[in-house]
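Structure, as structure tokens:
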Amino acid sequence: MQTKRSPSRLVLLACLASVAGVPVTRAVAADTQGGVALMAPDYSLTGSLLGSIVSVQRNNVSDADHALYEAVMQGYRDPDFVLMALRFAAMDAGSDSAARAVTLARLMPQQNLARLVLGTAAFRDRHWKSAEGFFALHSKETDGLLRMAGRGLRDWCHYGANPANGQEDDITLPQGGIDPVTWLALLQQARIASLRDEARTDSLFAQLDRSAVAVPPLVRVQALQFEADWLAFRHHDAEARQRLKNVGGLLPAFQLVAGRLRPGRIGTDFSPNQGLAEFYIGVTALLGDTASHDSDNGGAPNPDDDKLKDLRQLKILLLRQALFLAPDLTLGKILLAEELRNDGQLDMAQSALDGVAEDDPLAPLSDHAQAQVALKRHDLNAALHALERVVKANPDNPDILNELGSVQDQLGHSDAAIETFTHALNKVSVMESRVWPLLLGRAIAWDHLKRRDKAQADLDRALALALALALAPAEPVLLNYAGYSDVEHNERPEQALLLLRRAMDMAPDDAEIRDSYAWALLKQKGDLTQALPLLLSAVNAAPADAEIAYHLGVAYWYQGRQLEARDQWSQALNNKPEPETKALIDAALAGGPDLPVMRGRAIPSPR
65 MQTKRSPSRL VLLACLASVA GVPVTRAVAA DTQGGVALMA PDYSLTGSLL GSIVSVQRNN
125 VSDADHALYE AVMQGYRDPD FVLMALRFAA MDAGSDSAAR AVTLARLMPQ QNLARLVLGT
185 AAFRDRHWKS AEGFFALHSK ETDGLLRMAG RGLRDWCHYG ANPANGQEDD ITLPQGGIDP
245 VTWLALLQQA RIASLRDEAR TDSLFAQLDR SAVAVPPLVR VQALQFEADW LAFRHHDAEA
305 RQRLKNVGGL LPAFQLVAGR LRPGRIGTDF SPNQGLAEFY IGVTALLGDT ASHDSDNGGA
365 PNPDDDKLKD LRQLKILLLR QALFLAPDLT LGKILLAEEL RNDGQLDMAQ SALDGVAEDD
425 PLAPLSDHAQ AQVALKRHDL NAALHALERV VKANPDNPDI LNELGSVQDQ LGHSDAAIET
485 FTHALNKVSV MESRVWPLLL GRAIAWDHLK RRDKAQADLD RALALALALA LAPAEPVLLN
545 YAGYSDVEHN ERPEQALLLL RRAMDMAPDD AEIRDSYAWA LLKQKGDLTQ ALPLLLSAVN
605 AAPADAEIAY HLGVAYWYQG RQLEARDQWS QALNNKPEPE TKALIDAALA GGPDLPVMRG
665 RAIPSPR
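See below:
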């Protein structure tokens, strides 16, 4: 989300201010009539700028792309604005947006991003020299993307121009360990050497293997795939298969597909587009994780959000460039969907995964990505179907079974969820750290079936395991559910408070955990003094949570603030509460709450 401090917002507002109330006499439309450029009406440019502000603030990439491009084509050429238009065009989907990006890049050909877009377009058109010229570091660019990726980009241009032979220049390696950027450049040389059947290929892969510790796992997975291709090409099939089996140990997600991976064909007929697209994927891996991590700032903007968003947008446009070169690159689709999901572009994330065949080696990863997008869209049925396809390919993977069981339970299929969790528990060792989430999931399902005895047994077992493995400090969610369920069922009040206090100490920024502890203080002890500040902070951090709003309303009621209590409950009903919470809110609105611990206590007069 763009904040008030967002650079994009400031650029857009400055651009609007520069044209508002000022006649636009030089705004030129794209069409001509009789050889004379048509003038765009004043309101057209202002309207495009207003549309740009709205679209960027709403984080709508496609609408922002069109509105920004329209304003530039109407003659607004502020460099920062054109650069923003280029960025959104490069992030958008489809050949039309790619063409818009090239048009915008030509307006500022010395800019780093423009050179990347123009170089990729030239590369795809097999204009190798032109592409290399764009990828060469401009004299004014002392750092940035071309500094990081330039060597690999130029190496692929050399390969495109002469795939059969022509050894690349040796990379000067620093003393000690190889930094990730140099490692990635060296990987491109190993890949290219393997395609040419060069004698130095084995030594390049060996050098990479010795220095792989500090490299992101995804790049190491790429290296294993490339080396497996090379080994299979030389008929070392058993070694090639072993390399591919190792990918699951490097990146847990690849455990879903490790048994499906096969070496790819290599040789001088290998498409340079495929090679450069794979390189772009490696570059995005070096840029790091862009998932937002929730924190409680009391509603204030997080200064790191804009940095994360800028980095995420860079990864999105790089992945778009990869798919521009190799549209069927499944790994590119999966990674793009993940970044778009992180950016809130859920429709685009879903469409990014279109066209992945069921027999594609990475299909389970694609299905899992589809499930994550569906969950973000609150489409539980779509998530269920996607996870069922993953389970079909991986019937005994406990982590995927855990996700499936959770979705089944949320859909009301609690009996099926219990079967799923039980099957998963039978596939793991009793002392593995991933046992407790399965026990927690099954306990929640038992609770939904009103089998409190079964639920409590699973929770007790999960807590004992967490204590034995020293996992509780890292997993306050378990303590929160165990303690809160005790509060809701009026069981073991002292243990409930202890568990919830520990959970809150471990996760002080978690609004739900603060609410749970406050509710325990209020329901079990009638302690309004401690509970109310915690509930207020929880509501401020999670204003759309109906259950927290209900709890705050109860606290207000017993303080004599009945109008504020009713206001909280009425707002909570607008947030689509769960049926049980809705029933509590309806009852409270009808006759007030009824906490046994508060019976007989005088309630102050309404105020």
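Per our numbering, the very first residue in the sequence shown carries number 65; after that it's consecutive.
Even glycine gets a Cβ: it sits at the ideal position worked out from N, Cα and C.
If you're wondering where the values come from, they're calculated on a predicted model, not measured in any experiment.
Under the three-state reduction of DSSP, LEU659 is assigned to coil, being neither helix nor strand.
For VAL321, the secondary structure class from DSSP, reduced to helix, strand or coil, is coil.
Around the CB of ARG255, 16 or more other CB atoms lie within 10 Å, so the residue is classed as buried.
If one requires a minimum length of 4 residues, the alpha helix (DSSP H) runs lying completely within the segment 403 to 444 are 410 to 416 and 427 to 440, in chain order.
Going by beta carbons, TYR133 and LEU168 fall inside the 8 Å limit. ALA528 carries a helical assignment under DSSP once its states are collapsed to helix, strand and coil. Put simply, the backbone Cα of LEU444 is about 7 Å away from that of ALA438. Around the beta carbon of ASN226, fewer than 16 other beta carbons sit within 10 angstroms, so the residue counts as exposed. Contact between ALA416 and LEU404 holds, with the beta-carbon distance rounding to 6 Å and staying under 8 Å.
Counting only residues of its own chain and dropping the five nearest sequence neighbours on each side, ILE380 has a CB closer than 6 Å to the CB of MET155 and GLU403. The residues LEU586, LYS587, GLY590, VAL618 and TYR622, in chain order, have a CB closer than 8 Å to that of LEU659 in the same chain once the five nearest residues on each side in sequence are set aside. LYS640 counts as exposed, since fewer than 16 other C-beta atoms from the protein chains shown sit within 10 angstroms of its C-beta. At the C-beta level, SER161 and ASP189 stay beyond 8 Å of one another. HIS191 and PRO173 have their C-alpha atoms some 17 Å from each other.
A straight line joining the alpha-carbon of SER126 with that of ASN229 spans about 42 Å. Straight across, the Cα-Cα distance linking THR246 with ASN406 is about 28 Å. The beta-carbon distance between LEU210 and ARG170, rounded to whole angstroms, is 17 Å. This is too long to meet the 8 Å contact definition. Straight across, the Cα-Cα distance linking ASN461 with ASP301 is about 27 Å. Proximity to ASP423 across PRO280, THR394, ALA575 and GLY469 peaks at THR394, based on C-alpha coordinates.
Inclusion of SER601 and ASN544 in the CB contact set at 8 Å is not warranted, their separation being larger than that value. In the three-state reduction of the DSSP assignment, PRO540 falls in the helix class, which pools H, G and I. In this model, ALA200 and TYR344 are separated by some 16 Å (Cα to Cα). For LEU598, the number of other beta carbons within 10 angstroms of its own is at least 16, and it is reported as buried. Judged by their CB atoms, GLY323 and ASP293 are not nearer to each other than the 8 Å cut-off. Distance from the CA atom of PRO280 to the CA atom of ARG298, rounded to whole angstroms, is 28 Å. In terms of Cβ geometry, PHE187 and LEU340 form a close pair [threshold 8 Å]. In this structure VAL166 is not in contact with VAL146, their Cβ atoms being roughly 13 Å apart against a cut-off of 8 Å.
For PHE199, the secondary structure class from DSSP, reduced to helix, strand or coil, is helix. No Cβ-Cβ contact shorter than 8 Å links HIS477 with ARG516. Scanning ALA263, ARG630, ASP261 and LEU314 for the CA closest to the CA of ALA287 turns up LEU314. Taking C-alpha positions only, LEU533 is separated from ASP569 by approximately 19 Å. CA-CA distance, LEU259 to ALA386, rounds to 19 Å. Excluding five sequence positions before and after ASP392, the CB atoms of its chain that fall closer than 8 Å to its own CB belong to GLY419, given in chain order. About 4 Å separates the beta carbon of ALA507 from that of ALA519, a gap short enough to meet the 8 Å contact definition. With respect to the 8 Å criterion, PRO540 and ALA567 are classified as neighbours on the basis of their beta carbons. Under the three-state reduction of DSSP, GLU642 is assigned to coil, being neither helix nor strand.
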